[in-house]
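Working notes, structure below.
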Amino acid sequence: MAKSFNLRLLRNNLGQTAVEYILLLAVISSLSYTFYNNKRFKSFLAGKDGMFAVMKRGISYSYRYGLDYKKEVSYEEKMDFDYTNNKHDTYYNAADNSSHFFSGTEAYPP
């Protein structure tokens, strides 16, 4: 009698999918909780030098100047630019001591 009862339970797979989804949800939630409460992960995302702060600076710098943002560039100084001189990053190439724009070498004819 016990033998036939065990076979009937094993052949009936009702609820197996629900149990598998519950176990999968438990594993995913425990992994996400572990990552979220990690000090390194929090310091990576938050703060003045966190991922989102650097992304914000990079996006606003590249939108204004058309160049990639580099950490060696003083962000606050570049965003408070005067625009009355030719030292704008988009206009002036400091490495070549020349403009990014081009013009003719001789004057245009009248």
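Residue numbers (the numbering used here): 978 to 1087.
From the three backbone atoms N, C-alpha and C, an ideal C-beta is built for every residue, glycine too.
Burial state of residue i (16 or more Cβ within 10 Å)
| i | result |
| --- | --- |
| Y1038 | buried |
Rounded Cβ spacing between residue i and residue j (contact assumed at less than 8 Å)
| i | j | result |
| --- | --- | --- |
| T1061 | Y1042 | In fact, because the Cβ distance is near 16 Å, the residues do not count as touching under 8 Å. |
| R1034 | Y1052 | 5 Å |
Beta-bridge pairing of residue i - partner residues as DSSP gives them
| i | result |
| --- | --- |
| S1076 | Y1069 |
Nearest to residue i (by Cα), restricted to the options the options
| i | options | result |
| --- | --- | --- |
| D1045 | D1057, V1031, N1015 | V1031 |
| Y1040 | K1055, F1078, A1023, Q993 | K1055 |
### Message
Going residue by residue through the region 997 to 1054, where are the continuous alpha helix (DSSP H) segments of at least 4 residues, counting only ones entirely within it?
### Response
Counting whole runs of 4 or more residues, the region 997 to 1054 contains the alpha helix (DSSP H) stretches 1016 to 1022, 1028 to 1042.
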